[in-house]
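From first to last, the protein sequence lines stand for chains A and B. Using numbering that gives the first Met the number 0, the letters of the first sequence correspond one by one to residues 0 to 567. Using numbering that gives the first Met the number 0, the letters of the second sequence correspond one by one to residues 0 to 273. Take a look at the structure below.
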Amino acid sequence: MSEALATISRPQRWDVPFESEMGAEAVARILSIPPFSQIDASRFPASTSLPDILLNDTGLRSFKKNQVIVREGDYGNSAFFIITGSVRAALGKDAIPAEVLGRRQPEKKDFLSTLRQLWGNARYPEVRSLRRYKDAKAGTEHEKVDTTAIFLHDIPSVLKGGTAVLTAGMFFGEIAALSRTPRTATIFAEEDCELLEIRWQGLRELRLRAPEIKQFIDTNYRKYSLENHLRETKYFKDLSPAELKEVANQTRFETYGSFDWHSNYKKNRDVAPEERIKEEPLIAEEGQYANGLVLIRAGFARMSQKYNQGERTASYLSRGQMFGFDEIAHNWNSKDSAPLQYTLRALGYVDVLVVPTSVVEQYILPKIPQSEFPPPIVAQIKQINDRRDGELSTDVVEFLVDNRFINGRATMVMDLDRCTRCDDCIRACASAHDNNPRFVRHGHQIGRYMIANACMHCLDPVCMIGCPTGAIHRNALGGQVVINDTTCIGCSTCANSCPYNNIQMVEIRNEFGEHILDQESRPVTKAAKCDLCVEQVTGPACINACPHDALTRVDMQDTQTFAKWLQR
Amino acid sequence: MASTLTFFSKRRLINFGLLLSAVAAFWVLQEIYANGIHATAILSGATLFGTCLVLALFNARKKLPFIPLLKASTWTQFHIYAGWFAVVVFFFHTGLRLPDGRFEIALYIVFLAVALSGVLGLIISRIYPSRLRLYGENLIYERIPGLRQQLQTDVEKIIWKSVNETKSFTLARMYESKLKDYFSTKKNTLLHLVGSEEAVNDLTEELNQLQRYMVASERVFLAEIIECVKAKDNLDMQATCQGVLKYWLFIHIPLTFSLLLMGLLHGLMALAFN
Chain A
0 MSEALATISR
10 PQRWDVPFES
20 EMGAEAVARI
30 LSIPPFSQID
40 ASRFPASTSL
50 PDILLNDTGL
60 RSFKKNQVIV
70 REGDYGNSAF
80 FIITGSVRAA
90 LGKDAIPAEV
100 LGRRQPEKKD
110 FLSTLRQLWG
120 NARYPEVRSL
130 RRYKDAKAGT
140 EHEKVDTTAI
150 FLHDIPSVLK
160 GGTAVLTAGM
170 FFGEIAALSR
180 TPRTATIFAE
190 EDCELLEIRW
200 QGLRELRLRA
210 PEIKQFIDTN
220 YRKYSLENHL
230 RETKYFKDLS
240 PAELKEVANQ
250 TRFETYGSFD
260 WHSNYKKNRD
270 VAPEERIKEE
280 PLIAEEGQYA
290 NGLVLIRAGF
300 ARMSQKYNQG
310 ERTASYLSRG
320 QMFGFDEIAH
330 NWNSKDSAPL
340 QYTLRALGYV
350 DVLVVPTSVV
360 EQYILPKIPQ
370 SEFPPPIVAQ
380 IKQINDRRDG
390 ELSTDVVEFL
400 VDNRFINGRA
410 TMVMDLDRCT
420 RCDDCIRACA
430 SAHDNNPRFV
440 RHGHQIGRYM
450 IANACMHCLD
460 PVCMIGCPTG
470 AIHRNALGGQ
480 VVINDTTCIG
490 CSTCANSCPY
500 NNIQMVEIRN
510 EFGEHILDQE
520 SRPVTKAAKC
530 DLCVEQVTGP
540 ACINACPHDA
550 LTRVDMQDTQ
560 TFAKWLQR
Chain B
0 MASTLTFFSK
10 RRLINFGLLL
20 SAVAAFWVLQ
30 EIYANGIHAT
40 AILSGATLFG
50 TCLVLALFNA
60 RKKLPFIPLL
70 KASTWTQFHI
80 YAGWFAVVVF
90 FFHTGLRLPD
100 GRFEIALYIV
110 FLAVALSGVL
120 GLIISRIYPS
130 RLRLYGENLI
140 YERIPGLRQQ
150 LQTDVEKIIW
160 KSVNETKSFT
170 LARMYESKLK
180 DYFSTKKNTL
190 LHLVGSEEAV
200 NDLTEELNQL
210 QRYMVASERV
220 FLAEIIECVK
230 AKDNLDMQAT
240 CQGVLKYWLF
250 IHIPLTFSLL
260 LMGLLHGLMA
270 LAFN
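Right under this line is the structure:
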């Protein structure tokens, strides 16, 4: 009898709880602690009740004194609530040297496992073991988490910057978890402590239905994230703590566009670019006085300049970049006054911090040596396709921005003048992934270059927003967007959310090539996409397999490397 | 000067330099042997066979994409320049003359066939990709037959619509006499191989000539048909060039294995009888 005849039950959200040892007693205990005790449980629907969220999306964790809880730079898919004890956050970039943090190397296949692929790969596409799913439901298989305990020793000597203590009743890690960005600080236990770790799907539900939690988190966000962001920004690093606090107090938070920008983008994709640009929320306009320094906190913004009857995109900005500094510096330094040279518009969704010009003039500019000031502004308009070495040409920038490829951290770019359509990349991908390639050698084209339909491992992976189980998540070490096949319930939310159509739903099979069915005899589907060969020792098989140097993966934030590749 | 060279130009220069060095080193070795034990034929034969063996390993490397054995593009570069090296050694070995025995002549021809198919592969892999891009929409090879069928269905719909709306049969007659065959199978393979657009230009010209026999409303349908003819031409061009890019290896690789087998036999016989 083939394995397919023994069907599996259709996967559900909480088939695999975040922590299998979480029980009713622990849930009752958490519900007795504020702010959880203040939550009105009736606001939650029966299908996702408050106790169920705590039971399935949270886990209790104990940490010893000086034990590292989260590391700066790691990608976090969960937030923490301090139940007892206190923790300390090391503030500032690289506040603790990387070598002290005991960061693991990404887990790769060992030599034998690599070799085993030669004969061990299934004959049919998308073959899965039924046992794997049954074990997961029985609680014997869990997502791999880094459980290695790392302790800091001789803390005063390893700490480079300041620290902040967080005590019982506070949250941390929620920014990284909710905004799908790397952790901004290393946090270690100040003393023995007990924490509640909350998977971000659970945190999202709590924020949605419990205003107490939302307010709690939002207040924390403004209080800690703002100063941290300023501290990491060029020109703000040298401010004293008191000055930084003052600057932070006068800084405004502004949000433009919609958080789930992908649905709007998909709707307007066919609208003419010159019309679409007008729909983009305006943050600052060319020709106006620069009344504030704009710092991009999250999302993307388009920097454009009037050009004949339209607008020419000069560049795009993302997290950590600023707008308006050259003009503010020019006006402070020169007798004449220069208005904003570019227009800034939100691309989808963008969070910005606006530091008023007067604050910049009072605290920032006096500290900058004259040699580091930007050159005086001379009104000039570059011609279309003016291009220097190491710069992307205007048409490429327009193409990347219009199609939102700027979101990509590992965008697959193909040079069609070198690609012989041999499909070695496709075959290599298939041999590394269940006999089914994880990308399509097809996509948008600009000149001789094509952006193939392959997961770009986005800076803002909107595919993760709606995932009910957290199956699609970031790899904690490399930040690659990957799917945990065991916890994927095949709901297609991620595939529908991906603005680039880079996630496919596949029907899975048993080792005999027969479809695996649920109780109602429907094929069980799973989401499948490029995982950047995260487990392969060679890295992405597609790049390695290309015999003609026609294919690469590009981080669109690193425009210089991309420009160099285009001009090779 | 050197800083203005692109990555590919630099790589070409370096690889060409390495090729020249290898040829020079081989020539020096030949000279040493020629003055010594007079076994130059064995040296050049063994070098040639060894080089061909290593060249053939490229195919094995392609089957092992997940094993860390350098990038395939590095192998390609090695394959190209080691291939040229093999050609040079081959002429050292044969002394630029045809061998005597039948088996040796067959081996000689097989080597030339492998080398020529390799050079042809190199040339088309450098010329066809840009031609494919510039000619028309980039298509996936496996989807082309389906697209061709779809296009034919679309054309037939246009013809029916034209007949129904204009009550004129000019386009329908043209379809029956010429276009039906054009849309049903791949056409003009040889012309596409050399990059000629002669056939499609002739056909569109012939269709344009029909305008004078048409009512105004029929000309709208004619314009649509001409677009379809151009789309079909692109399908044929993509199918032809992509097909050659894919299938030339089906000549090169079997010939290579024949060459290795024959080369091994030739070597064994040479050692046995000398």
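The beta-carbon is built from N, C-alpha and C at its ideal position, and this holds for glycine as well. If you're wondering where the values come from, they're calculated on a predicted model, not measured in any experiment.
Looking only at B/Ala198, B/Thr255, B/Ala238, B/Trp247, the smallest Cα-Cα distance to B/Val228 is reached by B/Ala198. When secondary structure is reduced to three states using DSSP, A/Ile295 falls in the strand class. In this chain, the beta strand (DSSP E) harbouring A/Ala163 covers 162-166.
Identification of residues in the stretch 130-150 of chain B having a C-beta nearer than 8 Å to some C-beta of chain A yields Leu131, Arg132, Asn137, Ile139, Tyr140, given in sequence order.
Exclusion of the five residues before and after A/Val461 leaves Asp259, Trp260, His261, Ser496, Cys497, Pro498 as the residues of its chain whose Cβ lies within less than 8 Å of its Cβ. Judged by DSSP secondary structure, A/Pro355 falls within the beta strand (DSSP E) whose first and last residues are 342-355.
Taking 4 residues as the shortest admissible run, the stretch 115-196 of chain B contains the following complete alpha helix (DSSP H) segments, listed from N- to C-terminal end: 143-165, 169-173, 179-183, 188-192. DSSP links A/Gln444 through a beta bridge to A/Met449.
Counted as a single uninterrupted DSSP element, the beta strand (DSSP E) harbouring A/Cys192 occupies residues 192-198.
When beta bridges are read from the DSSP output, A/Phe171 appears opposite A/Phe79. At least one C-beta of chain B is nearer than 8 Å to the C-beta of A/Ala544. Residues of chain B whose Cβ lies closer than 9 Å to the Cβ of A/Val536 are, in chain order, Phe65, Ile66, Pro67. The shortest C-alpha to C-alpha distance from A/Arg251 to any of A/Asp416, A/Phe79, A/Gly407, A/Leu294 is the one to A/Leu294.
By the rule that beta-carbons nearer than 8 Å mark a contact, A/Met411 does not touch chain B. When Cβ-Cβ separations below 8 Å define contact, A/Asp548 makes contact with chain B.
For B/Met261, the enclosing alpha helix (DSSP H) starts and ends at 248-272. Proximity of A/Arg552 to chain B, defined by a Cβ-Cβ separation below 8 Å, is not satisfied. Within the same chain, Val199 come within 6 Å of B/Asp232 by CB-CB distance, once the 5 residues on both sides are set aside. Every alpha helix (DSSP H) stretch that sits fully inside the stretch 209-293 of chain A and reaches 4 residues is listed by chain position as 210-219, 225-231, 240-249, 260-267, 272-278. Taking the beta carbon of A/Ala427 as reference, the chain B residues within 9 Å of it are Lys61, Pro64, Phe65, Ala71, listed in sequence order. If you ignore the 5 residues before and after B/Thr50, its C-beta comes within less than 8 Å of the C-beta of Ala81, Phe84, Ala85, Val88, all in its own chain and listed in chain order. Going by beta carbons, A/Ile488 and A/Pro10 fall inside the 8 Å limit.
In the structure shown, A/Met455 falls within a coil segment according to DSSP collapsed to helix, strand and coil.
Taken atom to atom, the span from the alpha-carbon of A/Gly512 to that of A/Asn483 is near 22 Å. Look at A/Ser128 here: in three-state DSSP terms it is coil, with no helix or strand label. Assignment of B/Ser43 by DSSP, reduced to helix, strand and coil, places it in the helix class. Only Gln241, Leu244, Lys245 from the stretch 234-257 of chain B bring a Cβ to less than 7 Å from some Cβ of chain A.
The stretch 490-517 of chain A contains, as complete alpha helix (DSSP H) runs of 4+ residues, the segments 492-496 (chain order). Taking every protein chain shown into account, the CB of A/Asn330 has 16 or more other CB atoms within 10 angstroms, so this residue is buried.
Note that the C-beta distance between A/Lys528 and A/Arg437 is below 8 Å.
A/Pro181 sits in a strand when the DSSP states are folded into three classes.
Distance between B/Tyr127 and B/Gly100, taken at the CA atoms: about 39 Å.
Pairing B/Trp247 with B/Ser116 gives a Cβ-Cβ distance under 8 Å. B/Glu175 sits exposed, since fewer than 16 C-beta atoms from the chains shown fall within 10 Å of its C-beta. Contact check for A/Phe17 and A/Arg203: beta-carbon distance about 13 Å, past the 8 Å limit, so the pair fails to qualify.
Interface criterion not met: the Cβ of B/Thr46 is under 8 Å from no Cβ in chain A.
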